[in-house]
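Going by my numbering, the sequence shown opens with residue 8, and the numbers climb by one from there. Notes for the one structure printed next.
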Amino acid sequence: MPAFASMTVESSEFEMSSARPQPHPGVLAIEAYVPGKSTAPGAARVFKLSSNETPLGPSPKAIAAYKAVADRLHDYPDGAASALREAIGKTFGLDPVRIICGTGSDDLLHLLARAYVTPGDEAIYTTHGFLEYPIVTLASDGKPVVAPEKHYTADVDAILAAVTPRTKLVFLANPNNPTGTYLPFDEVRRLRAGLPPHVLLCIDAAYAEYVRRNDYEAGIELVATTDNTVMCRTFSKIHGLAALRLGWLYGPPEVLDALNRIRAPFNVSTPAIVAGIASLADTEHQELSREHNDRWLPWLTEEIGKLGLEVTPSVANFVLIHFPDTKGKTAADADALLTSRGLILRRVTPYRLPNALRMTVGTEEANRLVVETLAEFMGRGT
Ligand SMILES: Cc1ncc(COP(=O)(O)O)c(C=O)c1O
Numbered sequence: 008m009p010a011f012a013s014m015t016v017e018s019s020e021f022e023m024s025s026a027r028p029q030p031h032p033g034v035l036a037i038e039a040y041v042p043g044k045s046t047a048p049g050a051a052r053v054f055k056l057s058s059n060e061t062p063l064g065p066s067p068k069a070i071a072a073y074k075a076v077a078d079r080l081h082d083y084p085d086g087a088a089s090a091l092r093e094a095i096g097k098t099f100g101l102d103p104v105r106i107i108c109g110t111g112s113d114d115l116l117h118l119l120a121r122a123y124v125t126p127g128d129e130a131i132y133t134t135h136g137f138l139e140y141p142i143v144t145l146a147s148d149g150k151p152v153v154a155p156e157k158h159y160t161a162d163v164d165a166i167l168a169a170v171t172p173r174t175k176l177v178f179l180a181n182p183n184n185p186t187g188t189y190l191p192f193d194e195v196r197r198l199r200a201g202l203p204p205h206v207l208l209c210i211d212a213a214y215a216e217y218v219r220r221n222d223y224e225a226g227i228e229l230v231a232t233t234d235n236t237v238m239c240r241t242f243s244k245i246h247g248l249a250a251l252r253l254g255w256l257y258g259p260p261e262v263l264d265a266l267n268r269i270r271a272p273f274n275v276s277t278p279a280i281v282a283g284i285a286s287l288a289d290t291e292h293q294e295l296s297r298e299h300n301d302r303w304l305p306w307l308t309e310e311i312g313k314l315g316l317e318v319t320p321s322v323a324n325f326v327l328i329h330f331p332d333t334k335g336k337t338a339a340d341a342d343a344l345l346t347s348r349g350l351i352l353r354r355v356t357p358y359r360l361p362n363a364l365r366m367t368v369g370t371e372e373a374n375r376l377v378v379e380t381l382a383e384f385m386g387r388g389t
């Protein structure tokens with residue numbers, strides 16, 4: 008009997024095990040994250056205002072540091088990203104031992120869920136919270152639990168009311184994407200105080216650098232004074248290094264120990280490490296980005312508001328614009344017109360905001376073009 012014939016007979020005995028490989032159930036429940044569009048077919052020029060990147064780009068010093076390692080691409084990076092953690096520690100006055108870096112803060116959110124959520128456990132996030140939270144929770148076969156917001160803002164009492172014995176994690180984006188709203192530090196402290204000690208609070212402060220409010224704190228103090236709070240940060244926003252995928256997390260030693268056990272051993276690349284260090288040192292460039300935002304965030308809010316469109320007050324580098332339900336005037340209609348002019352904003356339907364668009368604060372030219380186009384859209388030609 009030929010060899011393949013005997014194999015066929017044997018394999019029938021393993022009919023069950025030879026069925027198609029099945030991912031675990033949570034994975035199939037995930038609605039994959041859809042990134043913002045980056046093309047506008049037919050438009051002569053394209054302004055990408057859909058992913059909250061900085062219009063000023065990265066620090067020239069970060070670009071130079073990135074280029075300087077081009078001839079070392081054959082070497083593995085330092086798996087511990089020690090120099091970068093030292094630089095972050097120095098910048099923020101933190102112990103580098105309590106810092107872990109990741110392939111974007113997305114990586115760190117995944118690690119948190121993987122380390123702390125077991126099947127059937129719950130992770131709370133808010134109605135319009137960042138979409139990665141349910142994704143990382145489901146990936147661990149956990150149950151994402153939605154706590155209602157008030158005025159597009161996280162509501163501490165609603166989050167506390169959603170806690171059950173199965174709650175393992177609470178994700179709070181502060182400020183939140185895509186709403187741009189924030190919780191004052193007293194409220195975050197109240198949230199921590201009201202959560203059971205076994206619940207890990209993740210404060211995701213991706214946009215912290217943009218916030219100009221005296222009652223705001225990114226979360227450092229709470230992490231330093233509790234053993235059940237972590238704070239995530241990113242180099243994708245004010246540092247303009249989104250393409251390099253770099254984020255970091257500050258947390259208690261026990262959490263760091265857990266995350267370090269499961270992270271990929273070389274999860275941060277050498278180009279990301281050196282560019283991150285150079286970017287942190289270039290405080291002047293960060294200040295330029297902040298000043299640009301300080302000028303254009305209120306301008307956009309006011310000018311778009313004057314057109315009769317509601318804009319949720321934002322403390323980040325983007326605005327959430329609400330559209331009427333009227334046929335011809337919806338967010339989808341506005342998006343179609345803006346895209347035809349090369350102005351790419353973000354549809355936020357998956358965030359339970361089917362009739363809104365999120366716009367990243369862009370260059371002066373892009374900001375003015377959006378306002379002009381929206382004025383035309385609303386029949387208020389300028
Ligand atoms: C609230 C929030 N957290 C995390 C991230 C992910 O950032 P990163 O590019 O570091 O993965 C984003 C990106 O849009 C965000 O808006």
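All C-beta atoms in this analysis are idealised placements derived from N, C-alpha and C, irrespective of residue type, glycine included.
Any non-hydrogen atom of ligand 1 within 8 Å of residue i CB
i	result
Gly258	no
Glu139	yes
Arg365	no
Asp102	no
Asn274	no
Asn184	yes
Thr7	A question about residue 7 goes unanswered here, because the residues of the chain that appear run from 8 up to 389.
Pro244	In the sequence under discussion, the amino acid at residue 244 is Lys, which differs from the Pro named in the question. Yes, Cβ of Lys244 sits closer than 8 Å to a heavy atom of ligand 1.
Gly254	yes
Tyr217	no
Ser58	yes
Leu116	yes
Tyr73	no
Thr174	no
Cys239	yes
Limits of the unbroken beta strand (DSSP E) element including residue i
i	result
Phe178	Thr174 to Ala180
Glu129	Glu129 to Thr133
Lys150	Lys150 to Ala154
Gly33	Run containing Gly33: none in the beta strand (DSSP E); it sits in the alpha helix (DSSP H), Pro32 to Ala36.
Arg365	Leu360 to Thr367
Gly254	Gly254 to Tyr257
Own chain residues within Cβ distance below 6 Å of residue i, not counting five before or after
i	result
Val143	Leu116, His117 and Ala120
Ala279	Leu251 and Leu253
Asp211	Ala180 and Cys239
Pro272	Gly86
Asp128	Gly149, Arg173 and Lys175
Val281	Ala72 and Val76
Ala53	Reading off the sequence shown, one finds Val at residue 53, where the question assumed Ala. For Val53, where only same-chain residues beyond five positions count, the Cβ hits under 6 Å are Ala47 and Gly349.
Leu145	Gly33, Ala36 and Ile37
Residue i at chain D interface by Cβ criterion, 9 Å
i	result
Val53	Protein chains in the displayed structure number just one, and chain D is not present.
Sequence-distant residues of the same chain with beta carbon closer than 8 Å to residue i, five excluded per side
i	result
Thr380	Leu344, Leu345, Arg348 and Leu350
Ala154	Ile131, Tyr132, Thr133, Thr134, Ala161, Asp162, Ala165, Ile166, Ala168 and Ala169
Asp222	Pro191, Phe192 and Asp193
Asp301	Arg219
Val326	Gly187, Leu304, Leu307, Thr308, Ile311, Val318, Thr319, Arg365, Met366 and Val368
Asn374	Trp303, Trp306, Leu307 and Val368
Tyr40	Leu138, Glu139 and Ile142
Gly49	Ser347
Rounded distance between the beta-carbons of residue j and residue i, thought under 8 Å
i	j	result
Arg387	Leu263	The pair is not a contact, with the Cβ atoms about 53 Å apart (cut-off 8 Å).
Leu5	Ile328	Not covered by the structure: residue 5. The range shown for the chain is 8 to 389.
Leu248	Pro65	5 Å
Asn235	Leu207	6 Å
Ile284	Leu91	6 Å
Limits of the unbroken alpha helix (DSSP H) element including residue i
i	result
His299	Thr290 to Lys313
Ile70	Pro67 to Ala75
Leu118	Gly111 to Tyr123
Asp342	Ala338 to Ser347
Tyr189	Where Tyr189 is concerned, there is no enclosing alpha helix (DSSP H), given that its DSSP letter is neither H nor E.
Tyr140	Glu139 to Ala146
Thr232	Ile227 to Thr232
Glu261	Pro260 to Ile269
Cβ neighbours of residue i in the same chain (closer than 7 Å, five flanking residues each side left out)
i	result
Arg79	Thr277
Arg197	Val163
Asp114	Gly254 and Asn274
Ala12	With a pLDDT of 43 at Ala12, under the threshold of 50, the modelled position of that residue is not reliable, and no figure is offered here.
Glu93	Pro103
Leu63	Gly247, Leu295, Ser296 and His299
Leu352	Leu56, Ser57, Asp342, Leu345, Leu364, Arg365 and Met366
Thr233	Arg199
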